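Here the protein sequences line up with chains A and B, keeping their order. Using this note's numbering, the first residue of the first sequence is number 1, and each one after it goes up by one. Using this note's numbering, the first residue of the second sequence is number 1001, and each one after it goes up by one.
Protein chains: 2
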Amino acid sequence: MKPIGPIPDGYESRDGELSIGGAKASALVAEHGSPLFVYSRSLLSSRISTLRAAMPEQLNIHYAMKANPFAPLLSQMVELVDGIDIASGGELAMAIEAGAAAEHISFAGPGKRDDELLEAIRAGVTINIESPTECDRALAIGAKEGLQPRLVVRVNPDFDLKGSGMKMGGGAKQFGMDVDLVAPTVRQILDAGADWRGFHIFAGSQALKADAIIETQAQTIALAARLAQQIGQSPVHVNLGGGFGIPYFPGDTPVDVAQVGVALKEQFAELPEILSNTLFAIELGRYLVGEAGVYLTRIVDRKESQGEIFLIADGGLHHQLAASGNFGTVIRRNYPAAIATQYRKPAEEVVSIVGCLCTPLDLLSDHVEMPKAQVGDIVAIFCAGAYGATASPANFLGQGPAKEIIVR
Amino acid sequence: MKPIGPIPDGYESRDGELSIGGAKASALVAEHGSPLFVYSRSLLSSRISTLRAAMPEQLNIHYAMKANPFAPLLSQMVELVDGIDIASGGELAMAIEAGAAAEHISFAGPGKRDDELLEAIRAGVTINIESPTECDRALAIGAKEGLQPRLVVRVNPDFDLKGSGMKMGGGAKQFGMDVDLVAPTVRQILDAGADWRGFHIFAGSQALKADAIIETQAQTIALAARLAQQIGQSPVHVNLGGGFGIPYFPGDTPVDVAQVGVALKEQFAELPEILSNTLFAIELGRYLVGEAGVYLTRIVDRKESQGEIFLIADGGLHHQLAASGNFGTVIRRNYPAAIATQYRKPAEEVVSIVGCLCTPLDLLSDHVEMPKAQVGDIVAIFCAGAYGATASPANFLGQGPAKEIIVR
């Protein structure tokens, strides 16, 4: 038997079933089919409310839409947050369609094509410049179009976020510019008459320890101040990055956001003079939406092989690549999961839950304890709100995407 | 510096560029854009010719279309092989559209839904039965429709393919039926008046050692004979599985198919009486198409960070997940790659080639030696003909799929 990750707070039981936004899993699947991604509006709202209550009032909260660009969810996020962070021309179009104002959109990413820079400059969104040559390209496009680009310089920080699932600083990186290149690039932007907006400093993601996030935020503010001194000008805006993770695996515990908020308030009370009028933001994707989504998939077969029980679902890694352990993880561990139609019933047997694909990679839950489930029961995989549908190979084995819905 | 895998045979240089089907990489990208998958008709044909020349004449060769279902490629494969192996209702539709005859299509997969079984039975394709309950469902659908299903029993072999990248036998598995369940299931099929076609026995994939493949084929034939004896009836057909791998990584060498063919001819010369009229097939996906495809992606930025050089491409893991090391591999190693526009020029520097996605997972070539490349040069990632486009999360970060083309 292997353990599963912790089921997020906020999910209820109704008539012995998992209920999402007041609707039972079986009713949702009966209406919308299986497999199905279900996102909860109330969990999205409550997550942002809790976070805002913990954080300093003047801190802006941005949503990194790469975590989940589903249009109805994105529209709600546009209402709830202060900015949308995009990573491609495709995301730019989706953000504008969802109602985001150009002045609240920032575009980061190491490989922006000229056509994406052109669209971004025409739309008037902020571009996070990742290299000297990208700066040259953006300025040239702005000059040719007769437009003043809004440019932030993305910094490759000389420190990393300790304990983060993905380090994005503290070494040679494709993201942003090394610290010594920042001041000359900002001067080039100012000299060209472009609109220099400040810094983007992203040290890592998916950290669970408040202490590590606090330390990184302090280092980030200090770095921004040092760079501003070098430049001799205050940044309008500093994006402190993200880093807030969510618990996926056994033993993981949620980030203590109250502790992070208290520390950040102290930081803001003692800001260096050059940052005293700067607007700060954090940029979160997974943390805002990950726990608000569940993937439901119907059991189509139950079989035994050499004494082991397999529950075979009609979904799989083509929708839930990360849950199968095949995306960004070295050692496979079990995501939180349950039999949605036998919710909170006592465990009776050890099963492996596999997807429908004809490959041994398609493993959703490996040797987990579950109540006894039959064909027709519905499996719930939690933490499906971020890096699920769009981070999985939907067309693998001719399957196609799962339907996505948002409930109250 | 880290090594790269071996570039497959059959690729030529023209005017200092990689040439595919007689067309230079820069010309292909100028006409079709970047990123781009390019598949070679002549490499597909020559692979099958070489294989047929090595294998016993009476052996059928099937194409497992999950490896690459691109319609023009699939149509060519339908002409070249003796059968198409499918893994979903979606693939069934594609195979028929590509011109495959129903009697040459076999449908395997552990999680077939009722609607997929119904489509398959109506179409008259062979269904590889994976469990007793799936057998019940298929027979019930056949009875209800007044149709005689064509059924093969898929066996979970009691051995595995040594050295295979993915083991699909030799333990508890979601694929097929344990050996002791096979004879009762075949009797049930015969008693129901359905058309029992034989066995499907698939022990593993992506093996490079001829000895291991030979041993597994011998074990497979022996198992088929043993099962036929238990049943007291000869199978019309035995699918011996696949297992032929291709070299991806440093030190990998191609399968010695001549050696496998010689051994299989010997096996066929000494078949047990009960298999003397049986038709045998092997089922290959990656081996047939993997080396016939190249992924081309244009360099949009070249930057240095802390003394290391990054070439940033306009493609990435959203099209080439396996090459990024994020699909089915524990330790990341470099796929064969080259600067297509500086082909076979001497290496001058160590670079990392990354994709355009704003995530550190998007790494195509890690610290590889390459000729000096600039913005506008084109990177080629080889072995892109199998498990590329459809095995990658095309919509990640709002990017969308790459164009695919087939050349002569």
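Each residue gets a CB set at the ideal place from its N, CA and C atoms; glycine is no exception. These figures come from a predicted structure and were not determined experimentally.
Remark: fewer than three beta-carbon pairs, one from each stretch, lie closer than 8 Å, so the stretch 256 to 271 of chain A and the stretch 15 to 22 of chain A are not flagged as touching. The alpha-carbon of Asn1060/B is positioned some 58 Å away from that of Cys135/A. One thing to note: Val238/A has its Cβ within 7 Å of the Cβ of Thr278/A.
A distance below 7 Å between beta-carbons, with the five flanking residues on each side excluded, links Pro1072/B to the following residues of its chain, in chain order: Ile1406. Cα atoms of Leu1357/B and Val125/A: separation of roughly 19 Å, rounded to the nearest angstrom. Closest by C-alpha distance to Leu1190/B, out of Gly1165/B, Leu1074/B, Ser1205/B and Ile1231/B, is Ile1231/B. Interface residue (Cβ-Cβ distance to chain B less than 7 Å): Arg113/A is classified as such. Around the beta carbon of Lys24/A, 16 or more other beta carbons sit within 10 angstroms, so the residue counts as buried.
Here Asp1085/B is buried. Its C-beta has 16 or more other C-beta atoms within 10 Å. Annotation for His32/A: no beta strand (DSSP E) segment contains it, though the alpha helix (DSSP H) segment containing it runs Ala25 to His32.
Looking at Leu1043/B, Pro1035/B, Ile1007/B and Ala1030/B, the one whose alpha-carbon comes closest to that of Gln1399/B is Pro1035/B. Residue pairing for Arg302/A: DSSP places it in a beta bridge opposite Leu311/A. Its chain contains Gly242 and Phe244 as the residues whose beta carbon lies nearer than 6 Å to that of Leu284/A, once the 5 sequence neighbours on both sides are disregarded; these appear in chain order.
The beta carbon of Tyr1387/B sits closer than 7 Å to the beta carbons of Ala1067, Arg1286 and Ala1322 from its chain, once the five residues preceding and following it are set aside; these are given in chain order. Going by C-alpha positions, Asn156/A is about 23 Å away from Glu91/A. Counted as a single uninterrupted DSSP element, the beta strand (DSSP E) harbouring Thr126/A occupies residues Thr126 to Ile129. Counting the other Cβ atoms within 10 Å of the Cβ of Pro3/A gives fewer than 16, which makes it exposed.
Under the Cβ criterion of 7 Å, Ile121/A is not counted among the residues facing chain B. The beta carbons of Pro346/A and Gly5/A sit about 19 Å from each other, so the pair does not count as a contact at 8 Å. If you draw a 10 Å sphere on the C-beta of Pro1250/B, you find fewer than 16 other C-beta atoms in it, and that means exposed. The beta carbon of Ser88/A falls within 7 Å of a beta carbon belonging to chain B, placing the residue at that interface. By the 16-neighbour rule on beta-carbons within 10 angstroms, Arg408/A is exposed.
The stretch 359 to 377 of chain A makes no contact with the stretch 1036 to 1048 of chain B, as fewer than three CB pairs between them are under 8 Å. Around the beta carbon of Thr297/A, a 10 Å sphere encloses 16 or more other beta carbons of the protein chains shown; the residue is thus reported as buried.
Counting only runs of 4+ residues, the alpha helix (DSSP H) found wholly inside the stretch 1008 to 1089 of chain B occupies 1025 to 1032, 1041 to 1054 and 1071 to 1080, in chain order.
Residue pairing from DSSP places Gly1198/B in a beta bridge opposite Val1152/B and His1237/B. When the five nearest sequence neighbours on each side are left out, the beta carbons in the same chain lying within less than 8 Å of the beta carbon of Arg187/A are those of Ile231, in order along the chain. For Leu1190/B, the three-state secondary structure derived from DSSP is helix. For the stretch 367 to 378 of chain A, residues whose beta-carbon sits nearer than 8 Å to a beta-carbon of chain B comprise Val375. A Cβ-Cβ contact shorter than 7 Å links Leu1043/B with Gly1010/B.
A distance of 7 Å or more separates the beta carbons of Gln1217/B and Leu1181/B. Under the Cβ criterion of 7 Å, Phe327/A is counted among the residues facing chain B. Taken residue by residue, none of the stretch 226 to 253 of chain A has a beta-carbon sitting less than 7 Å from a beta-carbon on chain B.
Chain-order list of chain B residues neighbouring Pro8/A: empty, with the shortest C-beta distance near 23 Å, by a criterion of under 9 Å. At least one CB of chain A lies nearer than 7 Å to the CB of Ala1108/B.
Between Pro110/A and Glu130/A, the CB-CB gap stays under 7 Å.
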